[in-house]
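I have placed the structure first, in the form of structure tokens, so that the comments after it can refer back to it.
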Amino acid sequence: MRRPAAPKSPKKKTPSKSSRAARVLQGTIVVLDPGHGGGDPGASRAGITEATLSYRMAATLAEVLKPLGAEVRFTARSAALRRRPVFGKPEPPLLAPIDATLPTGQRLNAGREVPEYLHARAAVAAKAWKQRRPHVVFMALHFDVSADPGDHGGFAMWDIRENHACSLACELTRRFGEAGLSGNRRPQPRPNDLGVLNPEFNPVRQKTLVELATISSASDRAKALDPKWRWRVARILAASIVACKKNKLI
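Quick note: the sequence shown uses the numbering used here, first residue 78, plus one each step.
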């Protein structure tokens with residue numbers, strides 16, 4: 078009498094090359110730091126605040142990064158970050174992040190960002206670095222204003238004490254230039270006045286603070302209010318991170 082054949086175990090599916098390529102940031106933590114919030118609206122022009130734009134930009138960038146496999150962490154909490162935009166669909170109205178708190182639960186009450194708040198934001202990056210070094214990126218998102226009415230465009234900044242930190246900032250600068258997003262603004266290494274980038278508090282090697290546009294310019298302000306522009310910029314920011322990953326910088 079023949080014994081019944083043992084059931085074949087199901088074959089494990091091996092991820093295709095295309096799916097692996099699509100999730101190129103798998104295993105990478107991207108810490109997004111939306112500028113200002115709470116009692117600090119940041120720069121403002123024509124009734125539009127920097128914080129409102131920064132938080133929506135962070136939410137948009139997160140939606141671009143997640144399908145690439147990245148784990149996204151925010152340095153602040155707000156209902157504005159939970160209003161997730163969906164590409165190609167009408168976006169929820171912009172929301173000023175007046176409810177913004179630090180991950181510790183501390184409300185951002187100051188009229189401007191103070192070292193205590195900046196270092197608390199940097200602590201989110203430090204925790205991620207401790208967990209998954211070197212596969213961590215830190216990106217602070219801001220919008221600038223200028224006293225010069227002719228200024229327009231965006232630029233990246235980094236801490237001058239860390240030459241390697243320019244890798245991400247320089248990649249962003251190149252891509253901003255190619256996309257016509259730099260205007261007449263230029264990248265700026267800064268000595269020690271950007272608290273979120275201070276290596277004493279933020280050990281992440283690939284980190285930058287990006288002024289995405291100059292909202293004192295009516296043209297830039299109109300672009301920043303356009304969801305299509307925000308999605309375009311988010312993809313450029315994500316592509317810069319991917320480039321650093323492929324070059325084994327993260």
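Even glycine gets a Cβ: it sits at the ideal position worked out from N, Cα and C.
Query, Result
"Which partner residues of Ala205 appear in the DSSP bridge assignment?", "None; Ala205 has no bridge partner."
"Name the residue from Glu248, Leu218, Pro192 and His196 whose alpha carbon lies nearest to the alpha carbon of Lys323.", "Glu248"
"Should the region 189–199 be called in touch with the region 137–150, which here means at least 3 C-beta pairs below 8 Å?", "no"
"Rounded to whole angstroms, what is the Cα-Cα separation between Phe278 and Phe151?", "16 Å"
"Just grab the DSSP bridge partners of Leu218 for me.", "Pro111 and Val287"
"Between Phe215 and Ala290, which are expected to be in contact by the criterion C-beta below 8 Å, what is the C-beta distance as a whole number of angstroms?", "Not really, about 20 Å apart at Cβ, beyond 8 Å."
"Per DSSP, what are the beta-bridge partners of Val332 in this structure?", "Any property of residue 332 remains undetermined from this structure, which presents the chain solely from 78 to 327."
"Measuring alpha carbon to alpha carbon, tell me which residue in Leu195, Pro180, Thr129 and Pro226 is nearest Ala173.", "Thr129"
"Round the Cβ separation of Gly272 and Leu179 to the nearest angstrom and send it over; I've been treating them as touching at under 8 Å.", "The Cβ separation is near 13 Å, so there is no contact."
"Does the beta-carbon of Phe164 have 16 or more other beta-carbons within 10 angstroms, so that it is buried, or is it exposed?", "exposed"
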